[in-house]
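Data block below; observations after.
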Amino acid sequence: MTLRAFLQKYFAPSEETRRKGRAFRAHRRAFWSLVILASLVGVSLFAELLANSRPLLVRYQGQFYTPLWHTYSETDFGGTFQTEADYSDPYIRQLITQGDNWAVYPLIPWDHRSINYNIPSPAPSPPTADNWLGTDDRGRDVLTRLIYGFRISVLFGLGLAIISSLIGIVIGAVQGFFGGWVDLTGQRGIEIWSAMPELYLLIILSATFKASIPLLVGLMSLFGWIGLSAYVRAEFLKGRQHDYVRAARAMGVSNARIVFRHILPNTLTPVITFFPFRVSGAIVTLASLDFLNLGVPSPTPSLGEMLRQSKDNVEAWWMSFSTFVVLVAMVVLITFIGEGLLKAFDPRRRDL
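For the sequence shown, my numbering gives the first residue as 2, with consecutive numbering after it.
Right, here's the structure in full:
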């Protein structure tokens, strides 16, 4: 079997999938929102190449150096100290650019931790030629922290939405497929678990363990699946009564094959249509936790932390305005994508 035949046999989309894809593309606002968001995420994934205090490439005395991926001391470039070279220092810049030496710097010569010690006014300072969107209260470049913070927010939202969706699918599928005492026990357990104070548990666990993004994703995934599991459970309770499922059972088809081949593909509509809204909800939740100083640890770039700085420095309009625009634009684009998916996958809304 050739590769093309293999892909067409096992990975070729069905006619129903093609129809839904055409319906989504016909929703121009959702389609272009997806294109814009995907482009921004793609650029942010290479943020180190766009905004970094280290040069991308250095040619010094006939040899090439890559400071972006390797650590070099000052002595490697003719300096005095054995410590790591500070490429924002004018002395180091002069060493690696004098004579036949040269260096290629990113478009934005700052990373999310570097501090501009030569700002013309006390931090937070307004926009200048060196810092296009100004600096925060520690002298760090706002534009750079927005780029890195955007990437963290999107990846956090995607990771949390994927993990919580998988948990909700598994639990809802088990309840709906087996029914009976399994469904009853699961529902009572979900009711007890959903009554737990999520914020208090998050505060306690964040104070007990070292704060990190994986810890936040894990903690929030413990509660993020509850709403989705109810939809999956309802779809499985309905799907297990269909004639083709009963016929498959009568023919001796295994439960796993019935679930994955017959019921699950027909229950993914609520999962897919709600997925963008779960991502936007996770992004807003992360920003809220960071605003309350319960999220990612410093100096990790965070949109919520920048909003907290804006609250403490109301005169720094450039910081509050830019952060607000980035956060709202993210949520709006994701909401438009979810609207398009909802109209494409739900036949009752397709003509709205």
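Even glycine gets a Cβ: it sits at the ideal position worked out from N, Cα and C.
Keep in mind the model is a prediction, meaning the values are calculated, not measured.
Residue range of the unbroken beta strand (DSSP E) whose run includes residue i
{"i": "Val59", "result": "58–61"}
Nearest neighbour of residue i, chosen from the options [CA to CA]
{"i": "Arg258", "options": "Val280, Phe178, Leu238, Tyr61", "result": "Phe178"}
{"i": "Ala378", "options": "Gly150, Leu295, Ser230, Ile164", "result": "Absent from the model: residue 378. The displayed extent of the chain is 2 to 353, so no value can be given."}
{"i": "Asp313", "options": "Gln64, Ala124, Val105", "result": "Ala124"}
{"i": "Leu342", "options": "Glu17, Arg26, Glu16", "result": "Arg26"}
{"i": "Ile356", "options": "Lys344, Phe346, Ile335, Pro198", "result": "No answer is possible for residue 356: it lies beyond the span of the chain, which begins at 2 and ends at 353."}
{"i": "Ser165", "options": "Thr136, Trp103, Met221, Leu265", "result": "Met221"}
{"i": "Leu108", "options": "Arg55, Asp101, Gly282", "result": "Arg55"}
{"i": "Phe359", "options": "Ser311, Thr301, Leu167", "result": "Any answer about residue 359 is impossible in this case: the structure gives the chain only from 2 up to 353."}
{"i": "Gly190", "options": "Ser281, Tyr245, Ile227, Arg250", "result": "Ile227"}
{"i": "Ser89", "options": "Gly79, Leu161, Pro127, Asn119", "result": "Asn119"}
{"i": "Ile93", "options": "His113, Asp112, Pro68, Asn267", "result": "Pro68"}
{"i": "Leu223", "options": "Tyr245, Ala130, Leu200", "result": "Leu200"}
{"i": "Ala174", "options": "Ser34, Ile214, Asn256, Trp194", "result": "Asn256"}
{"i": "Gln99", "options": "Gly79, Asn117, Gln83", "result": "Gly79"}
{"i": "Pro110", "options": "Glu85, Glu49, Gln95, His71", "result": "Glu49"}
{"i": "Ile163", "options": "Ser289, Phe278, Gly305", "result": "Phe278"}
{"i": "Tyr149", "options": "Leu46, Leu206, His71", "result": "Leu46"}
{"i": "Phe292", "options": "Ser281, Leu304, Thr18", "result": "Leu304"}
{"i": "Val218", "options": "Val143, Val297, Trp33, Val326", "result": "Val297"}
{"i": "Ala104", "options": "Gly181, Arg146, Ala130, Gly63", "result": "Gly63"}
{"i": "Ala283", "options": "Trp318, Asn267, Val332, Glu192", "result": "Val332"}
{"i": "Ser122", "options": "Asp138, Val327, Ile172, Leu147", "result": "Asp138"}
{"i": "Leu269", "options": "Trp194, Ser281, Tyr106, Ala231", "result": "Ala231"}
{"i": "Trp194", "options": "Gly225, Ser213, Leu167, Ala212", "result": "Gly225"}
{"i": "Gly160", "options": "Trp318, Ser281, Ile204", "result": "Ser281"}
{"i": "Gln188", "options": "Thr18, His263, Leu202, Gly169", "result": "Gly169"}
Unbroken alpha helix (DSSP H) run spanning residue i, endpoints
{"i": "Trp194", "result": "181–195"}
{"i": "Trp103", "result": "Run containing Trp103: none in the alpha helix (DSSP H); it sits in the beta strand (DSSP E), 103–105."}
{"i": "Gly282", "result": "270–292"}
{"i": "Ile93", "result": "91–98"}
{"i": "Leu22", "result": "The amino acid occupying residue 22 in the given sequence is Gly; Leu does not appear at that position. Run containing Gly22: 16–27, per the alpha helix (DSSP H) assignment."}
{"i": "Met415", "result": "Summary: the structure shown does not reach residue 415, with the chain confined to residues 2 through 353, and so no result is reported for it."}
With 16 other Cβ atoms within 10 Å as the buried cut-off, status of residue i
{"i": "Phe237", "result": "buried"}
{"i": "Arg141", "result": "buried"}
{"i": "Ser154", "result": "buried"}
{"i": "Gly158", "result": "buried"}
{"i": "Arg20", "result": "exposed"}
{"i": "Gly339", "result": "buried"}
{"i": "Gly248", "result": "It is worth fixing the name first, because residue 248 is Ala in this sequence and not Gly. The residue is exposed, with fewer than 16 neighbouring Cβ atoms inside 10 Å."}
{"i": "Lys344", "result": "buried"}
{"i": "Arg234", "result": "buried"}
{"i": "Gln310", "result": "buried"}
{"i": "Met307", "result": "buried"}
{"i": "Leu353", "result": "In this prediction, Leu353 has a pLDDT of 45, which is less than 50 and means its spatial position is unreliable; what the coordinates show is noted afterwards. Exposed is the call here."}
{"i": "Phe389", "result": "Given that the chain is displayed from residue 2 to residue 353, the structure contains no residue 389 and the question cannot be resolved."}
{"i": "Ser229", "result": "As written in the sequence, residue 229 is Leu, which differs from the Ser given in the question. It counts as buried."}
{"i": "Ala196", "result": "exposed"}
{"i": "Leu76", "result": "The question names Leu, but residue 76 is Thr in the sequence shown. With fewer than 16 Cβ atoms within 10 Å of its Cβ, Thr76 is classed as exposed."}
{"i": "Pro215", "result": "exposed"}
{"i": "Phe337", "result": "buried"}
{"i": "Arg29", "result": "exposed"}
{"i": "Trp70", "result": "exposed"}
{"i": "Tyr61", "result": "buried"}
{"i": "Arg146", "result": "buried"}
{"i": "Gln176", "result": "buried"}
Reduced DSSP secondary structure (H/G/I, E/B, other) of residue i
{"i": "Arg114", "result": "coil"}
{"i": "Arg351", "result": "Its pLDDT being 49, under 50, Arg351 is placed unreliably by the model, and the measurement read from it follows with that caveat. Arg351: coil per DSSP, three-state reduction."}
{"i": "Ile335", "result": "helix"}
{"i": "Leu343", "result": "helix"}
{"i": "Ile120", "result": "coil"}
{"i": "Thr145", "result": "helix"}
{"i": "Thr136", "result": "strand"}
{"i": "Tyr11", "result": "At Tyr11, the pLDDT of 48 sits below 50, so the modelled position is not reliable; the number obtained from the coordinates is stated separately. Tyr11: helix per DSSP, three-state reduction."}
Check: residue i C-beta below 8 Å from any heavy atom of the ligand NAD
{"i": "Phe292", "result": "Among the ligands in the structure shown, none appear at all, so the ligand NAD cannot be discussed."}
Please give me, in chain order, every unbroken run of the beta strand (DSSP E) with length at least 3 that falls completely inside the segment 43–87. 58–61, 64–66
Ignoring anything shorter than 4 residues, give me the alpha helix (DSSP H) runs that lie fully in the segment 186–246, in order along the chain. 199–209, 214–225, 227–240
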